[in-house]
Amino acid sequence: MQTKSIDEINDSADRIVICGGGIIAAAIAYYLGKRGEKTIIIERLEVANSASGKAGGFLAGGWGDDSVTEQLHRMSFDMHATLAEELGVTSYRKIQALSTAGGQRHDADANMLSKFTWLDRDIGKIALLDSDTAQVAPRELTEKLVQAAQAMGADVIIGTVDGMEFDNNNEDEDGDRTVKAVIVDSKPVPCKKVVIAMGPWSCQAEDWFNTPIPMEGVKSTSVLFQQKQQTHPTLMSEPAALFCAGDSNDCHLEVYPRPNGDVYICGIGGNDYLNATQIKQLSPQDVQPNPERVVAAEASFGQICSMGDSHVDIAQACLRPCPPDALPLLGPMPKCGNAYVATGHNCWGILWAPVTGLAMTELILDGEAKCVDLKPFDPARFVAKDKLVRRKRRGRHIRNNEVGEQW
């Protein structure tokens with residue numbers, strides 16, 4: 431992917447700068463590009479370097495029903511299908527989701543088991559969880575969003591955001607400041623507007639803007655078995671996402687076979703919880719997998735499928751951005767007239783990326799999001815000192831029912 435140095439860009443003062451190179455930043459750049467904005471994406475290492483390159487990519491439109499996130503789930507789920515066609519995303523496909531548990535095979539639904547022959551070991555329970563879900567490889571989608579934005583005039587700068595430079599002569603009557611430039615590797619990059627979309631590292635902006643961005647980083651290990659269609663050919667013709675019950679290895683496996691024959695697995699336990707201070711001190715390349723949980727994943731997967739007899743090909747870890755109320759921060763940066771924040775998507779960052787990109791584009795250019803109501807996700811909800819926000823359980827749910835690992 432083509433990148434530029436700071437010195438190669440001469441018109442940044444007339445452009446919107448997006449801090450972050452993950453799928454949320456990529457979606458915002460894409461939809462801004464469709465409105466004629468030539469954005470500048472600033473990423474510390476590489477596009478999709480962190481969770482956007484290491485997530486599972488499970489998509490479920492109905493799992494937010496009867497909750498405040500229903501509009502995000504429903505609209506973005508449909509948008510993924512459109513994006514896959516527009517961008518040629520080969521990893522996108524509709525699948526069904528299954529609920530499984532270990533045990534004696536004679537206790538399981540024999541008809542259902544016969545439809546998924548690659549589950550060739552101890553399955554004591556198997557049931558349809560949702561017939562209308564989908565999947566995508568997050569790295570492919572993120573990279574194609576950025577490439578499409580670049581085709582519309584966007585630029586990517588590899589560098590570290592150090593802070594903001596404010597225009598001290600442009601403070602309005604409410605005391606709102608204006609960002610004049612984004613400081614990248616100690617150099618100012620002038621901008622007309624700025625978006626903070628750095629995943630868990632967005633909490634750094636609370637020091638730059640003197641406003642609370644409460645964040646906990648949940649570090650989780652995941653693994654990838656590559657090209658398993660060679661040993662399990664039915665894997666390609668019998669796709670399904672598995673949500674497995676808790677087992678003796680402290681795993682709640684989530685298993686996602688992909689169209690290219692890879693098998694992605696997460697939900698393997700051993701999460702680490704980082705507070706904002708720890709996140710700020712952590713570099714993305716230092717987010718590493720837990721070797722003990724990799725062994726646990728192999729053992730648990732081996733109980734339900736003989737693929738688990740082989741060692742994983744890739745072990746990795748990502749840091750999910752989790753606000754205390756389990757809701758994203760989407761809206762204007764408090765007390766700043768030209769800054770915005772889009773972060774805190776928890777385990778739904780891949781699903782919610784398209785609608786986030788469109789809604790933030792409408793907010794930035796039109797002053798209001800029209801596609802969805804962003805009021806419940808207003809970053810200003812954390813400004814009130816006397817408002818206690820209790821930490822909620824932040825795993826996946828179908829309506830109010832927990833599905834898989836919780837944190």
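Positions 431 to 837 (our numbering) are the ones given, in order, by the sequence shown.
No residue lacks a Cβ here, since even glycine has one placed at the ideal position from N, Cα and C.
Nothing here was measured: the structure is a model prediction, and the numbers come from that model.
As assigned by DSSP and simplified to three states, the class of valine 614:
Strand, per DSSP.
Output yes if chain D places a C-beta closer than 8 Å to the C-beta of aspartate 808; else output no.
The structure shown contains no chain D; it holds only a single protein chain.
DSSP on isoleucine 453, reduced to helix/strand/coil?
Assignment of isoleucine 453 by DSSP, reduced to helix, strand and coil, places it in the helix class.
I need the DSSP call for alanine 727, collapsed to helix, strand or coil.
Per DSSP, reduced to three states, the secondary structure at alanine 727 is helical.
Residue range of the alpha helix (DSSP H) that includes cysteine 688
Checking the sequence, you will find arginine at residue 688 rather than cysteine. Run containing arginine 688: none; DSSP gives neither H nor E here.
Along the beta strand (DSSP E) that carries valine 785, what are the first and last residues, could you check?
If you look at valine 785, you'll find it isn't in any beta strand (DSSP E); it sits in the alpha helix (DSSP H) that goes 779–796.
Is the stretch 667–681 touching the stretch 637–654, taking contact as three or more C-beta pairs under 8 Å?
Between the stretch 667–681 and the stretch 637–654, the count of Cβ pairs shorter than 8 Å is below three; the stretches do not touch.
Could you check how far apart the C-beta atoms of isoleucine 446 and glutamate 467 are, in whole angstroms? I think they sit under 8 Å.
At roughly 6 Å, the Cβ-Cβ gap stays under 8 Å, so isoleucine 446 and glutamate 467 are in contact.
Helix, strand or coil: which one does DSSP assign to cysteine 801?
The answer is coil: DSSP assigns cysteine 801 none of H, G, I, E or B.
Alanine 481 and glycine 629 - do their beta-carbons sit closer together than 8 Å?
Their beta carbons are under 8 Å apart, which means glycine 629 touches alanine 481 by this criterion.
Roughly how many whole angstroms lie between the Cα atoms of serine 713 and leucine 704?
Taking the straight line from one Cα to the other gives about 13 Å.
Starting from glutamate 646, trace the beta strand (DSSP E) both ways and give me its first and last residue.
Element bounds for glutamate 646: 646–655.
Could you check how far apart the C-beta atoms of threonine 572 and leucine 489 are, in whole angstroms? I think they sit under 8 Å.
Contact doesn't hold; Cβ gap of about 14 Å is too wide.
What are the boundary residues of the beta strand (DSSP E) that includes methionine 509?
It is not in any beta strand (DSSP E) - methionine 509 instead sits in the alpha helix (DSSP H) that spans 500–517.
Proline 714, enclosing beta strand (DSSP E) - first and last residue:
Run containing proline 714: none; DSSP gives neither H nor E here.
Using the Cα positions of alanine 514 and asparagine 599, report the straight-line distance between them to the nearest angstrom.
Distance from the CA of alanine 514 to the CA of asparagine 599, rounded to the nearest whole angstrom, comes to 45 Å.
Can you name the start and end residues of the alpha helix (DSSP H) that threonine 547 belongs to?
From DSSP, threonine 547 is part of no alpha helix (DSSP H); its letter is neither H nor E.
Classify glutamine 432: buried if its beta carbon has 16 or more other beta carbons within 10 angstroms, exposed otherwise.
Counting Cβ neighbours within 10 Å, glutamine 432 comes out exposed, since fewer than 16 surround it.
What's the call for leucine 757, buried or exposed, on a 16-neighbour Cβ count within 10 Å?
So leucine 757 ends up on the buried side.
What number of angstroms, rounded off, separates the C-alpha of leucine 795 from the C-alpha of cysteine 766?
Using only the alpha carbons, I get a separation of about 16 Å.
What number of angstroms, rounded off, separates the C-alpha of isoleucine 470 from the C-alpha of valine 609?
Here the C-alpha atom of isoleucine 470 lies approximately 15 Å from the C-alpha atom of valine 609.
Local Cβ density within 10 Å of leucine 558, reported as buried at 16 or more and exposed below that
By the neighbour-count rule (16 or more Cβ atoms within 10 Å), leucine 558 is not buried but exposed.
For the beta strand (DSSP E) that contains glutamate 570, what are its first and last residues?
Taken as a continuous stretch (DSSP letters only), glutamate 570 belongs to no beta strand (DSSP E), being part of the alpha helix (DSSP H) at 568–581.
In terms of DSSP beta bridges, what is threonine 563 paired with?
Beta-bridge pairing links threonine 563 to Ala490, Ile525.
For glutamine 718, does the count of other Cβ atoms within 10 angstroms reach 16, so buried, or fall short, so exposed?
Around the CB of glutamine 718, fewer than 16 other CB atoms lie within 10 Å, so the residue is classed as exposed.
Closest to serine 652 by CA distance: which of Gln711, Ser632, Val742 is it?
Across the set Gln711, Ser632, Val742, the C-alpha of Val742 shows the shortest separation from the C-alpha of serine 652.
Candidates Asp585, Val813, Phe807, Met790, of which the one nearest valine 498 by Cα
Of Asp585, Val813, Phe807, Met790, the residue nearest in Cα terms is Phe807.
Going by alpha carbons, who is nearest to histidine 536 out of Thr520, Gln711, Gln526, Lys555?
If you compare the alpha carbons of Thr520, Gln711, Gln526, Lys555 with that of histidine 536, the shortest gap goes to Lys555.
With a CB to CB cut of under 8 Å and the five nearest residues on each side skipped, what residues in its chain are close to aspartate 552?
For aspartate 552, the CB contacts under 8 Å within the same chain, skipping 5 residues up- and downstream, are Gly532, Gly533, Gln534, Arg535, Gln733, Ile734 in chain order.
Using the three-state DSSP reduction, which class does glycine 738 fall into: helix, strand or coil?
In the structure shown, glycine 738 sits in a helix (DSSP, three-state: H, G or I).
Between which two residues does the alpha helix (DSSP H) carrying leucine 757 extend?
In this chain, leucine 757 is not harboured by any alpha helix (DSSP H), its DSSP state being neither H nor E.
Nearest-angstrom Cα distance between threonine 530 and lysine 658?
Approximately 21 Å, taken between the alpha carbons.
What residues in its chain sit with their C-beta under 8 Å from that of aspartate 592, if we drop five residues either side in the sequence?
Cβ neighbours of aspartate 592 beyond the five flanking positions: Ile613, Val614, Asp615, Ser616.
On the premise that glycine 451 lies in contact with alanine 478, defined as a C-beta separation below 8 Å, what is that separation, rounded to the nearest angstrom?
Confirmed, about 7 Å.
Taking the alpha-carbon positions, what's the aspartate 441 to cysteine 777 distance?
A straight-line Cα-Cα distance of about 36 Å links aspartate 441 and cysteine 777.
Going by C-alpha distance, which of Ser650, Val724, Pro687 is nearest cysteine 748?
Of the candidates Ser650, Val724, Pro687, the one whose C-alpha sits nearest the C-alpha of cysteine 748 is Ser650.
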